[in-house]
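Below is one structure, written out as structure tokens; the observations come after it.
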Amino acid sequence: MRIALVSGDNPRCGIYRYTKRLVEELRILGLSVDHLTYDEVEKGGHRYDVVHIQHEWGLMGYNTFVNYIDSIKTSCRRLVVTMHMVPYHMYNPSTRSVEAMEETKCVEKVCMSVHTVVTTSALGRDILRYVCGTRVVHIRHGMDIMYIDRARDIDVFIHAPNRVAVDNRLVERIEKMIDGNIYVHREFVSDEKLDELLSRSKIVVLPYRDIPGWIYVSGFMYKALGYLGTVVLTTSWVIQSDLARDGLEIYVPWWGIGIRLPYALNNYIGLSRMYIEKVFSLYPLYSWRSVAVEHLRLYHSLTA
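Those letters in the sequence shown? Residues 27 to 330, per the numbering used here, in order.
And the structure:
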């Protein structure tokens, strides 16, 4: 069985990093898998048993993505799409149904053209099933556990890159609030540098703004959680919805950060122990090995 996982090729892109890590783990499981770009699969998709597209609306808009899927579906034996962002605003909670919107039509066309749609969020799966039915499956985002043996001399690491929807006023407020050592992560750094910074951090804050109408996850959030003993707080409700379902609540509304962050610093030892226990208990669900196994099962079911 030959598999193609498809993403962009920009190493700064979270979708690229996600795909690269998944490819690595699938190869460890013995699967023949190639990591292709969107352009490459248009030319060579016919060579694979399953072509798996990793998609985010910021990479390809509605009509562009529908046209892209139309252009490759006839040459692919089995076609899978992971929607890393799900349009929530097409769902009307009062009627428990989806409404006829541009997003709804796009999602419906994609679902009719592929064999399976994957979401990295259970909430996203629940919404998409109103449109796509049982073609939608949920596979959690992966996580690596990092064993740290060094002093944590960064009190607060603030993840506020320019490309993410960040509440900059909250970043300024945190900087004024905390007397300790603060690192504000604004620009792209190498994986090695990021590993070093996270391994030195006690508290990681993700001062994100929820994007109205969208369900998505944060690869950086899962990366930070893997640095055992690091306490992660996020002001985005959406990105931590899977963790909350599984018993790890890290959401703090922006107006509560002034209480929660000082508390986390003052009670760091106790909180870090709690995080270690909880992350270890969840690791069998979120490990990249488990994520790869779930993908492998999907591919086998499609080619059986």
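We put the CB at the ideal spot given by N, CA and C, even for glycine.
Can you list, in chain order, the residues of its chain whose CB lies under 6 Å from that of residue i, leaving out five sequence neighbours each side?
i, result
"V133", "V157"
"L52", "V59, A318"
"V144", "T108, V163, I165"
"M127", "M116"
By Cβ distance, which residues of its chain are closer than 7 Å to residue i, with the 5 residues on each side in sequence left out?
i, result
"T329", "M27, D75, V76, R104"
"V92", "C132, K135, V136"
"M86", "Y94"
"D236", "S262, W263, V264"
"S298", "G255, V257"
"A290", "I229, V257, L259, L297"
"V67", "A30, V32, V77, I98"
"I276", "V258, L259, T260, Q266, L269"
Between the C-alpha atoms of residue i and residue j, what's the straight-line distance to the nearest angstrom?
i, j, result
"W280", "T260", "9 Å"
"I54", "M109", "24 Å"
"R73", "R151", "30 Å"
"W263", "P288", "20 Å"
"N89", "M138", "15 Å"
"L57", "Y325", "10 Å"
"H167", "M300", "22 Å"
"I165", "H78", "14 Å"
"T121", "D181", "46 Å"
"R342", "Q266", "This structure cannot speak to residue 342, because the chain is shown only from 27 to 330."
"G34", "D221", "23 Å"
"I295", "L223", "19 Å"
"K219", "D205", "24 Å"
"H185", "F214", "11 Å"
"F183", "R212", "11 Å"
"R178", "V49", "32 Å"
"N36", "T63", "10 Å"
"G84", "N188", "15 Å"
"Y248", "G40", "12 Å"
"M111", "R271", "19 Å"
"I283", "D65", "44 Å"
"L149", "S327", "24 Å"
"A191", "E320", "30 Å"
Given a cut-off of 7 Å, decide if residue j and residue i are closer than it, judged by their beta-carbon atoms.
i, j, result
"P233", "D193", "yes"
"L269", "K304", "no"
"R107", "H141", "According to the sequence displayed, residue 107 carries Val and not Arg. No, these two residues do not count as a Cβ contact at 7 Å."
"V278", "A250", "no"
"I208", "E198", "no"
"I174", "S225", "yes"
"G245", "Y42", "no"
"R47", "W240", "no"
"G71", "S101", "yes"
"V243", "S147", "yes"
Can you tell me whether residue i is buried or exposed, with buried defined as 16 or more other CB within 10 angstroms of its CB?
i, result
"P113", "buried"
"A30", "buried"
"Y117", "buried"
"S227", "buried"
"Y253", "buried"
"L196", "buried"
"S307", "exposed"
"G159", "exposed"
To which residues does DSSP link residue i through a beta bridge?
i, result
"I184", "V210, V231"
"D60", "A30"
"Q80", "T108"
"S313", "M169"
"P113", "W240"
"L162", "In the sequence as displayed, the identity of residue 162 is Val instead of Leu. Note: V162 sits in a beta bridge opposite V143."
"V124", "Y117"
"L259", "V231"
"Y277", "T260"
"Y253", "M172"
"V192", "Y234"
Below 8 Å CB to CB, which residues in the same chain sit around residue i once its five sequence neighbours on both sides are set aside?
i, result
"Y124", "Correcting the residue type first, residue 124 is Val in the shown sequence and not Tyr. Closer than 8 Å at the Cβ level, and outside the excluded window around V124, lie M116, Y117, N118, T130, I153, Y156, V157."
"R176", "S225, R226"
"Y14", "The structure shown does not extend to residue 14, since the chain is modelled only from 27 to 330, so the question has no answer here."
"L322", "L52, L55, L57"
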